[in-house]
Structures are given as C-alpha cells and as structure tokens.
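Q:
This is the structure we're talking about:
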C-alpha cells in the first residue's frame, strides 16, 4: 500500500511495464524475421550481421522493358522508417517524397524491388534475398495507383497523388 | 530540416556537454536531467526508428529522473534503474537465444572472418577460415550469453559484491573494445553506479570521458592508423 500511495513509484512501475511490453513485442516481431534486430530498442544488436535494404528502381517503358533508374531515395527511405520493418507496405507519403525529390520520375510507371542480406550458419555466409516489390502505375498527371507485395503478402491497390 | 539536423548533431552535443558539466555540481544536478531529457527527446523523436539501442536505453532509464529533485539519492528511482538494467541484460540474452547464433558460435565466427579490426580479435583462436565454426567460437559465444543471463539475475536480485561488479565492468569494457562501441558500455557502467548508489568516482568518470573521446574516432580506426600509417 505504501508503494502505491507514492505516485512517482507508480509512474516508474507503469514505465517499467510499458518497456517490458515493448521488449516482448520486439522479440515477437524479430522472431517473425520482420524487423531489424539492431534497431527499435529491442537490445538485439550483435545477434546477426547488420542488414540494409537494397532498393532497386525500374521504369517500365511502352514495350514493357525494364530500365533501371538511379534516384535520390532519401525521402523515400525516411518515409518507410529506413526499412527497419522488413515486411511493411510502402507508404503513400514516401512515394510522394520519391517523386518530389526526383522530378524525372513523374509519369513513369515504376517497379521498386527490395532485397536484403540474410545470415546463414551452415555453411557460414550471407545471401541477398528478394523481399518484395511495389508497382506504381500513373493514372493521369497527378495521380497514380500502387500495390505493395512485401514478404509474400500482397497489399490492396491504393491511389496516391502528388 | 535544418533544425532536425542541428538537434541530431551540434545541438545534441551541446546538450550532452551541458548535462555533464551540470552533473558535477549537486546544485545543478536536477537541471542536468532536464537538459538531458530535452536534448534526448528532441533528437530522438524525428528519427526514433533509426535510433541506436543505447539511445532507447537512455530514454527509458534517465528521462524518468525528472520526477525526482535528488534523483541520485532516491531509492525508488535507483531500484527502477536496477530492475530495468537486469531486465535489459536478460532480454539481450533471450534475443541471442532466439537468433540461435551464439550457442553454435556462428556469429562470433562470422565476425572473426568478416568483422572490423577489433571484431576479428578472436580470429587467432581458430586456424580455419571462411565458412566453418570451430569449437572456440562456440565457447566464446556461449560464455558471453551465459554471463549476460547471470549478470542480469544478479543485478535483479541486488547483489553488489565487489567481485561481481568488477567482473561485470570488465565484461562491459571487453565487449566495448570488441565491438568498438564504448558509448553503450559507458552508459551501462554509469547505470550500474546509479543502480547500486555507489556514485561514480572521479577516476571512473575520467576514464569514461577518455573512452567516449576514443569512441569518437573508433578503436579500429586507431589500430589501423598505427598498423597502416593512415586512417582507412
């Protein structure tokens, strides 16, 4: 009872419980291979080599051929939490940032592919693996539709605008 | 954009320096945690998804100090530090168990082959190279994991025997050297001092400040400089 009558102690208890729940959530999502173990406060750094998402952009021309595009991905990366959630669908705001930072990509249908290295222990190696794709199709000068397919989960077709 | 960058670099450094200076004087110690909490939150919020784990640890542990006028003497607060530190040690060990890369020695083997200069420190214990894991890597991985569990439990129970504290500080410094990341270890040592209400003696504070300066350059870079004659 003494403890509970001290409101500061209760606040600390609430913070401790919240921290514990956060850690449990981190462990669960990490066990599903859907989150960067080095980040997001789960204390799972140094359990495997650092992974960074490799993002490759292709425009699709009128003949259906893929042409690799080299773009500034700073805003796109930030808008997707630096890809620390490996299976999260791409956000509309990040696509808007991509087009705002790369005016030459306006009105180009795009396919953005995601790859990340995976650590294998037998034999010891890392291999780059396909993680997902987002397909962007322009509907008119100001709007586009996009569909993510991350970690094998196909998202719904969404509409975005600039 | 500029203000965000300022907070992440110059602003954060200025606030950390102010915190350290204030912390040396009992009269300003409460102000120190306010300055620290403000600096930490302002730099943490814009890029929380990329913040390092020591930033998260500092946020969970040090920001609640603002609740107390004399936080370094409050048993409730120092108990909170102790329980959280013990919990974090055990969770770090559980994360290693989930990843299954320590009990088989594979991650130590990978670092010994492909890591930075300091991370290859144990490469001499095994003659093989490349894709195989030798028994010594397994032993080192398992020992590190076991110590994290033992230390976590002893901290939770409240054991503050000199031998245990000396072993834990030695472990933290060894890991800091190995991973070439002293800032996390300095934070852990400071939290240990707070948890057990030892206070940080001046010589430990001086050692920690020196370690933080070394951390700005990087131990691997310093070793490479003496080995190759230039920074890589």
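Residue numbers (our numbering), protein chains in the order written: chain A, 1 to 162; chain B, 163 to 394. The beta-carbon is built from N, C-alpha and C at its ideal position, and this holds for glycine as well. From a predicted model like this one, the values you see are computed outputs, not experimental measurements.
1. In chain order, what are the residue ranges of uninterrupted beta strand (DSSP E) at least 3 long that sit wholly in the region 23-101 of chain A?
2. Using a Cβ-Cβ distance under 8 Å, would residue 82 of chain A count as near chain B?
3. Quick check: residue 337 of chain B and residue 374 of chain B, are their CB atoms within less than 8 Å of each other?
4. Extract the residue ranges of the alpha helix (DSSP H) inside the region 207-290 of chain B, only unbroken runs of 4 or more that lie entirely within it.
5. To be precise: take each residue of the region 91-112 of chain A, compare its Cβ to all Cβ atoms of chain B, and keep it if any distance is under 7 Å. Which residues remain?
6. Please identify the residue among A:132, A:52, A:101, A:85 whose C-alpha is closest to the C-alpha of residue 70 of chain A.
7. Note down, in chain order, all residues in the region 48-79 of chain A with a beta-carbon under 7 Å from any beta-carbon belonging to chain B.
8. Specify the secondary structure class of residue 156 of chain A as computed by DSSP and reduced to three states.
9. Excluding the five sequence neighbours on either side, which residues of its own chain have a C-beta within less than 8 Å of the C-beta of residue 99 of chain A, listed in chain order?
10. For residue 126 of chain A, which residues of its own chain have a beta-carbon under 8 Å away from its beta-carbon, when the five flanking residues on both sides are left out?
11. Can you list, in chain order, the residues of its chain with a C-beta nearer than 6 Å to that of residue 270 of chain B? Leave out the 5 residues immediately preceding and following it.
12. Here's the rule I'm using: 16 or more other beta-carbon atoms within 10 Å means buried, otherwise exposed. How should residue 346 of chain B be labelled?
13. Looking at the C-beta of residue 11 of chain A, does it have a partner C-beta in chain B at a distance below 8 Å?
14. Cβ of residue 268 of chain B within 8 Å of Cβ of residue 285 of chain B?
15. Using a beta-carbon distance cut-off of less than 8 Å, what residues from the region 329-358 of chain B approach chain A?
16. How would you list, in chain order, the residues of chain A whose beta-carbon sits under 7 Å from the beta-carbon of residue 218 of chain B?
17. Measuring only the C-alpha atoms, how far is residue 409 of chain B from residue 158 of chain A?
A: So, from the listed chains and residues:
1. For the region 23-101 of chain A, whole beta strand (DSSP E) runs of length 3 or above, ordered along the chain, are 54-60, 66-69.
2. Interface residue, yes.
3. No.
4. As far as the region 207-290 of chain B is concerned, its whole alpha helix (DSSP H) runs of at least 4 residues are 215-224, 237-261, 268-276.
5. Along the region 91-112 of chain A, none of the residues has a CB nearer than 7 Å to a CB of chain B.
6. Of the listed residues, the one whose Cα sits closest to residue 70 of chain A is A:101.
7. Identification of residues in the region 48-79 of chain A having a C-beta nearer than 7 Å to some C-beta of chain B yields 48, 49, given in sequence order.
8. In the structure shown, residue 156 of chain A sits in coil (DSSP, three-state: anything other than H, G, I, E or B).
9. Contacts found: 105, 106, 162.
10. Cβ neighbours of residue 126 of chain A beyond the five flanking positions: 49, 117, 118, 119, 120.
11. Here the set comprises 299, 302, 303.
12. It counts as buried.
13. Interface with chain B (8 Å Cβ-Cβ cutoff): residue 11 of chain A is included.
14. By the CB criterion at 8 Å, residue 268 of chain B and residue 285 of chain B fall outside the cutoff.
15. Those residues of the region 329-358 of chain B that come within reach of chain A (Cβ to Cβ, closer than 8 Å) are 341.
16. Residues of chain A passing the Cβ test: 41.
17. It is not possible to answer for residue 409 of chain B, since the shown part of chain B is limited to 163 through 394.
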